[in-house]
Amino acid sequence: MVDPRRTSSAQWADLWLGLDVGSDISLANAMGREIIVSGLANEAFIRHATSGFEAYRQCVEKYTLDRAERETGVPAEAIGQTAHAYAKAKSGQICWTLGITEHHNAVDNVVALINLALLTGHVGRYGSGVNPLRGQNNVQGGGDMGAIPDRLTGFQHLENPELRAKFERAWRAKIEPKRGWHLSAMFDAMERGELTLLYVLGENPVDSEADRHRAVKLLGGLKFMVVQDLFYTRTAEMADVVLPGSAGWCETEGTVTSSERRVQRVRAAVPLPDGVLDDIEIIYQLARRFGHEWGMPDAEAIWNEVRQLSPMHAGMSYRRLEELGGIQWPCYDETHPGEMYLHSRLWQEPLIGPRAPFHAVEFEPPVDELNEQYPIRLTTGRYLDSYNTGAQSQRFPSPLRRAATIDLSPEDGERYQVGEGEKVRISSRRGSIIAPVHFDSGLRPGLAFLSVHFHEQVATNDLTIDAVDPKSGTSEFKATAIRIEKYTEN
Amino acid sequence: MDLHLTAAAASAEEQAAIDALLGEPESSWDGGARQIERDGRAVFGGGTARWRRHLLLPVLHAIQERIGWISPGALNYASIRLNVAPAEVHGVASFYGMFSLSPRPPVTAHVCDDIACMTRGAGALCAELEHTLGPAGSPCEGGQTIWQRSACLGLCERAPAALISAAGTTARERVVAPATTENLFSTMQDAVNGKLPAEPDTLSTKLSVPQAGQAQLRLLRRAGQVDPSCIEDYLQRGGYEALRRSFELGAERVIQEVIDSKLLGRGGAAFPTGKKWEAVHLQRHLGYLHYVICNADESEPGTFKDRIVMEGDPFAVLEGMTIAGFAVGAQKGYLYVRGEYPLATERLNHAIKAARAQKLLGEDILGRGLRFDVELRRGAGAYICGEETALFNSIEGYRGEPRNKPPFPTQSGLFHLPTVVNNVETLINIPEIILGGGAAYARIGKGNSAGYRLFCVSGHVVRPGVYETPYGPTIRSVIDMAGGVGGTGRLQAVLLGGAAGSFVSPMELDTPLTFEGTRAIGATLGSGVVLLFDDSTDLKQVLLRIAAFFRGETCGQCVPCRVGSVRQEEVLQRLVRRQTIGSVAEESNTLQEIAQAMRDASICGLGQTASGAILSAMNRWSLFS
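Structural data, given as structure tokens:
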């Protein structure tokens, strides 16, 4: 378990590494080096199925255990032991969540982990692989359906003319041969005045964007904004038109796709409330008003269109999804059972398809640097019983829920002479907020934690930096430099 | 009792009690002083933390025994040390009757007011205690002692009974039976002054086994005749011959002999023992660990046979378990002993040590390469933990709530691994079967009721005690064996099988005590209880006590039993006080309906049998018209 904080999950780990926020690449590269110099790399697999190993080896050569200890704070011995345990395991998985991806070098972080899987051959076999764990039931499904700037349904590249032509024929419409913007790029486009109209479905950027001041200013400058949501969020408050949405898990028909690529049916269990339309119905009605008559909305018919256009979904009829209790893509035809894990081709003799590439990546510390003025590293995250900006979860009470607090180590409490529940002013280079203190013994001196749930009380994103990973568009929510001062009301 | 740790801290004494069991904390993350420089970057060992939950019940015992109650700070410390959420620790601690979560004086007298003791003056004894010491459950004058009413303590042959527990660095327990106000007071005073002897009980087993020394005895042939602390004594009287013979026969033959013997479980459910063993044995190729559990959580009111066996012949229990372990391929056995049995606990603990010293438990038993060891676990005052799946949860450190079946224990038992659970009496039959052969054993007894049986005879009888006979004597002959009806000498009723059993009338005394015989009159043998009531007994009060027992002992997990056991007591209360809602017949119908719902919908035997005795009495006598 690798986590800057000693969480309740870490309590259960055979080995916990409490690294400095944002030092993941140094840790991964040092593990890679240790595996290579100890002769534990899976050389046969590397020769058979990968490319770019030599460049990777040269890159990680610099990352000695001692260097990693300096950069991560984790004792060299513990890093070495982790490397040996992973390399010697019969099968090994690496799972991660936002601690890897909410950084300015998010994709590099992921690549550093993929390198480890390639180095040891922990990929393409049962019980192996690399796994981003998702916070929602259908993150995977959103991407699969084409909610990615450069992809159409089934990850088919928008800029590929043949693929685009297939969709144009089916849809009898022209598709712009140009990739779109990801979320962070959209805000930049708003800033340049290139994006003036926004249709927001089930998202609450007013509370969820890094550097909230900027986000609110840009959203306020739009010519026209539509928000479609289950709840009247703070983004909805700013909208010109609000369309009440339906609850996908109980009020609509359709499918969702879990992190293990399993497509599952969802069914309407309760009727829609008065005045609310099914999300598909809203889009059909919009189309009608734009002059396109699509007929009656029918979830199964839309799904069958997906199956026609996306080869990896082709074999997943509603009937089969029901019979098999969901199917993991790819599923190319109605005799195909789906695939339990991906990339098994890498083990086939001879190799089928392209080699899996190593990508050498270098450690870069977080953008928001610590100095005397901002000496504390703030990281953000979630509590078990609350969900993201709280649009849903603040509406019900929970016995676990505490008031919004800034979590500090007991040592920092002494250092700044504040007690449990006392208020402090927290300042970053971008803003400043007030929050009561809670002591969490799972934190080290110099490490603080804020949740993202309670924006009305504690606007965490007034502090965070909008340094964005150019490859994924994710902001560096996980690493902010702050200072703390005792706050007295008067 | 929170989802988060509260601010309450354990005292040095509470910490010491827990650390004595678990060892010192390894880092600040499992209860040690905070050393963030050392522990804030890397920690090994969370893997063991995942597997320590089963120590929760022993930890709670350690605090209760040392301090006399379990404080919020102690619960917090237990939670940190074992890596179990505070709410879960509280859930387990509050489940068991022997644990107090509010301050309690160090010396507690548990005074039995259950049905067997009722026949021998428990009512008068409690009334006197109320008069002199104050109401049950409130600290007595001086604040050092408290007395409480208790469900059956399993000392029915020496009723009325009491158990005194004294907390402290050397915790002591003491049985007082038969109890009088005088011997209770003086023992409580000794406890306050730290003068209780180490031995929890002194009465000789001979008095509890009136047949002691008789030549025909098999199961009880050593009880009262051997020194239960002396393994040589056991060995000289045929001890461990059956284990040696088992090695010669091999596991498959041993199981076949047990199947051939037609031995049925003696805990009450009467399942074929050999079938259980075979089911676990056949899973050996899967490579999982197997477990053997001796269910010694004998808590059925009126039952005390297992206690006497454990006190009088503890090595026989271990030998039976070891043969079971050999047969089914288990390396570990658990002996789950009722918390209210201090003497049995002490004798068994001693026996385990002695057996290890003689290489009769451990890595290489008798040099035959068999690896098997036994760990004793104490219950903590919960009748339901005698239900086998509740017992698993209890050992694992969860609330002792039964699990759904299937899966059955032979597939998914303790720690969800294949497990054989046998009652004490069942296990001491095993050496007889191994040495005499299964087929010969099957010929003893009557019909499908094969072998020997222990009966717990108590109440209004001349010589209460545990009696052994081959299956088949009538109720009348068992009563005669015990010297006839006591009290007024005129029999009113007999309770067979305990609170979960059924009443029979004097007209039914010629019923043979076999599975078939009792079934024919709608009764059950259960755990072998034969409890007599003379004609001076107010049966209505007995029924109320039984109803109160089930209301108190329902684990609360499933609704029919949790609600039904309360409603049943309420209806009975109204009937007894003649404050019925509607007619007596309507109230009787309500009782029938409650009983039906509990029988049909409770997940375990407790709810399913909670109405049996009450309805059997109402069917036989017009108690309320």
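Each protein sequence line maps, in turn, to chains A and B. Sequence positions in the first sequence follow this note's numbering and run 7 to 496. Sequence positions in the second sequence follow this note's numbering and run 896 to 1520. Glycine included, each C-beta is placed from N, C-alpha and C at the ideal position. Note that this is a predicted model, so its numbers are computed, not measured.
Looking at the structure shown, is T385/A part of a helix, part of a strand, or coil, going by DSSP? Locating residue 385/A in the first sequence gives position 379, where the first residue counts as 1. Strand at T385/A.
Give me the residue from T480/A, M318/A, K484/A, D446/A with the minimum Cα distance to A902/B. As a working note, residue 902/B is residue 7 in the second sequence. Ranking the options by Cα distance to A902/B, first place goes to D446/A.
Three-state secondary structure assigned by DSSP to F1310/B: Residue numbering aside, residue 1310/B sits at position 415 when the second sequence is read from its first letter. Note: F1310/B maps to helix in three-state DSSP.
Just verifying my parser: in three-state terms, what is the DSSP assignment at Q334/A? Position 328 of the first sequence holds residue 334/A. Q334/A falls in the strand class under three-state DSSP.
Taking C-beta pairs closer than 8 Å, name the residues in chain B that A216/A reaches, listed in chain order. One-based indexing of the first sequence puts residue 216/A at position 210. Here the premise fails: no neighbours, minimum Cβ distance about 27 Å.
T1369/B by DSSP, collapsed to three states: which one? On the second sequence, residue 1369/B is found 474 positions in, with the first residue counted as 1. Three-state result, T1369/B: strand.
Chain-ordered neighbours of N971/B on chain A, where CB pairs are closer than 9 Å: The residue you call residue 971/B lines up with position 76 of the second sequence. Ordered by position in chain A, no residue passes the 9 Å Cβ test against N971/B, which lies about 13 Å from the chain.
Going by DSSP, name the residue or residues bridged to A1004/B. Here residue 1004/B refers to the residue found at position 109 of the second sequence. According to DSSP, A1004/B bridges with W1042/B, I1059/B.
Quick check on Q17/A - is its C-beta less than 8 Å from some C-beta in chain B? For the purposes of this step, residue 17/A is identified with residue 11 of the first sequence, where counting begins at 1. Judged by the 8 Å Cβ criterion, Q17/A is in contact with chain B.
M896/B to I1290/B span [Cα, whole Å]: Position 1 of the second sequence, counting from 1, holds the residue named residue 896/B. Position 395 of the second sequence, counting from 1, holds the residue named residue 1290/B. Confidence at M896/B is low in this model, with a pLDDT of 40, below 50, so the placement of that residue is unreliable and no value is reported for it.
Residue nearest to G344/A in terms of C-alpha spacing, selected from L158/A, V80/A, K477/A, W335/A: Sequence index remark: in the first sequence, residue 344/A carries index 338 (1-based). When each option's Cα is compared against that of G344/A, the closest is W335/A.
Would you decide whether D339/A is buried or exposed? Buried here means 16 or more other CB atoms lie within 10 Å of its CB. Numbered from its first residue, the first sequence carries residue 339/A at position 333. Classification of D339/A: exposed, given that the 10 Å Cβ count is below 16.
Quick check on the DSSP output: the beta strand (DSSP E) that includes R431/A runs from which residue to which? By one-based count along the first sequence, residue 431/A stands at place 425. First-last of the beta strand (DSSP E) with R431/A: 429-433.
Buried/exposed call for I181/A, threshold 16 Cβ in 10 Å: Residue numbering aside, residue 181/A sits at position 175 when the first sequence is read from its first letter. Exposed, by the Cβ-count rule.
Given this structure, state the Cα-to-Cα distance separating V1071/B from A1277/B, to the nearest angstrom. Indexing the second sequence from 1 puts residue 1071/B at position 176. Indexing the second sequence from 1 puts residue 1277/B at position 382. Distance between the alpha carbons of V1071/B and A1277/B is about 21 Å.
In angstroms, rounded to a whole number, what distance separates the CA positions of V1471/B and A1335/B? Here residue 1471/B corresponds to residue number 576 of the second sequence, with the count starting at 1. Here residue 1335/B corresponds to residue number 440 of the second sequence, with the count starting at 1. Between V1471/B and A1335/B, the C-alpha separation is close to 51 Å.
So which residues of chain B does D20/A contact, with C-beta pairs closer than 9 Å? The residue you call residue 20/A lines up with position 14 of the first sequence. Within chain B, the residues near D20/A are F939, G940, G941, G942, T943, R945.
Do the CB positions of S1124/B and R1242/B come within less than 8 Å of each other? Against the second sequence, residue 1124/B aligns to sequence position 229. Against the second sequence, residue 1242/B aligns to sequence position 347. A contact, by the Cβ cut-off of 8 Å.
Who pairs with H163/A in a beta bridge, going by DSSP? As a position in the first sequence, residue 163/A is number 157, starting the count at 1. DSSP output for H163/A lists R157/A as bridge partner(s).
Beta-carbon separation of F1221/B and G1134/B under 8 Å? In the second sequence, counting from the first residue as 1, residue 1221/B sits at position 326. In the second sequence, counting from the first residue as 1, residue 1134/B sits at position 239. No, these two residues do not count as a Cβ contact at 8 Å.
Using 8 Å as the Cβ pair cut-off and three pairs as the minimum, do the segment 200-209 of chain A and the segment 231-250 of chain A touch? yes
Amino acids of chain A, ordered along the chain, whose beta-carbon sits closer than 8 Å to that of I931/B: Taking the second sequence and counting its residues from 1, one reaches residue 931/B at position 36. In chain order: S415, E417, R450, P451.
Out of curiosity, what's the CA-to-CA distance linking T1369/B and G1423/B? On the second sequence, position 474 is the one that residue 1369/B refers to. On the second sequence, position 528 is the one that residue 1423/B refers to. Rounded to whole angstroms, T1369/B to G1423/B spans 13 Å at the Cα level.
Please determine if the segment 186-200 of chain A and the segment 216-230 of chain A are in contact, where contact requires at least 3 C-beta pairs separated by less than 8 Å. yes
Evaluate the contact criterion for the segment 900-914 of chain B versus the segment 960-975 of chain B: three or more CB pairs, one atom per stretch, below 8 Å. yes
Nearest CA to the CA of R1358/B: which residue from S1103/B, G1507/B, S995/B? Taking the second sequence and counting its residues from 1, the one referred to as residue 1358/B is at position 463. If we check each option's Cα against that of R1358/B, S1103/B comes out closest.
Using a Cβ-Cβ cut-off of 8 Å, state whether G918/B counts as contacting chain A. Taking the first residue of the second sequence as 1, we reach residue 918/B at position 23. Cβ-Cβ to chain A under 8 Å: no for G918/B.
Check each candidate in G1228/B, G1262/B, E1488/B and name the one with the smallest Cα separation from F1142/B. Position 247 of the second sequence, counting from 1, holds the residue named residue 1142/B. Closest in C-alpha terms to F1142/B, from the list G1228/B, G1262/B, E1488/B, comes G1262/B.
List the DSSP bridge partners of E491/A. Residue numbering aside, residue 491/A sits at position 485 when the first sequence is read from its first letter. Per DSSP, R431/A.
With three or more beta-carbon pairs closer than 8 Å as the criterion, would you say the segment 1020-1032 of chain B touches the segment 1320-1338 of chain B? The segment 1020-1032 of chain B, when compared against the segment 1320-1338 of chain B, does not touch it at the 8 Å Cβ threshold.
Give me the Cα-Cα distance between R1515/B and I1010/B, rounded to the nearest whole angstrom. Taking the second sequence and counting its residues from 1, the one referred to as residue 1515/B is at position 620. Taking the second sequence and counting its residues from 1, the one referred to as residue 1010/B is at position 115. Between R1515/B and I1010/B, the C-alpha separation is close to 19 Å.
Tell me the DSSP secondary structure of Q1151/B in three-state form. Working through the second sequence from its first residue, we reach residue 1151/B at position 256. In the structure shown, Q1151/B sits in a helix (DSSP, three-state: H, G or I).
So, is the C-beta of R936/B closer than 8 Å to a C-beta in chain A? Locating residue 936/B in the second sequence gives position 41, counting from the first residue. Contact with chain A is found for R936/B, since one of that chain's Cβ atoms lies less than 8 Å from the residue's Cβ.
Listed by chain order, chain D residues near G98/A by CB distance under 8 Å: Annotation note: the requested chain D is absent from the structure, which comprises protein chains A and B.
Using the C-alpha atoms, what's the distance from R431/A back to H163/A? One-based indexing of the first sequence puts residue 163/A at position 157. One-based indexing of the first sequence puts residue 431/A at position 425. If I take the Cα positions, the gap works out to 48 Å.
Give me the chain A residues within the contact set of T898/B, using Cβ-Cβ distance strictly less than 8 Å, ordered along the chain. Start at 1 with the first residue of the second sequence, and residue 898/B comes out as number 3. The sequence shown places Leu at residue 898/B, rather than the Thr named in the question. Chain A residues near L898/B: P405, L406.
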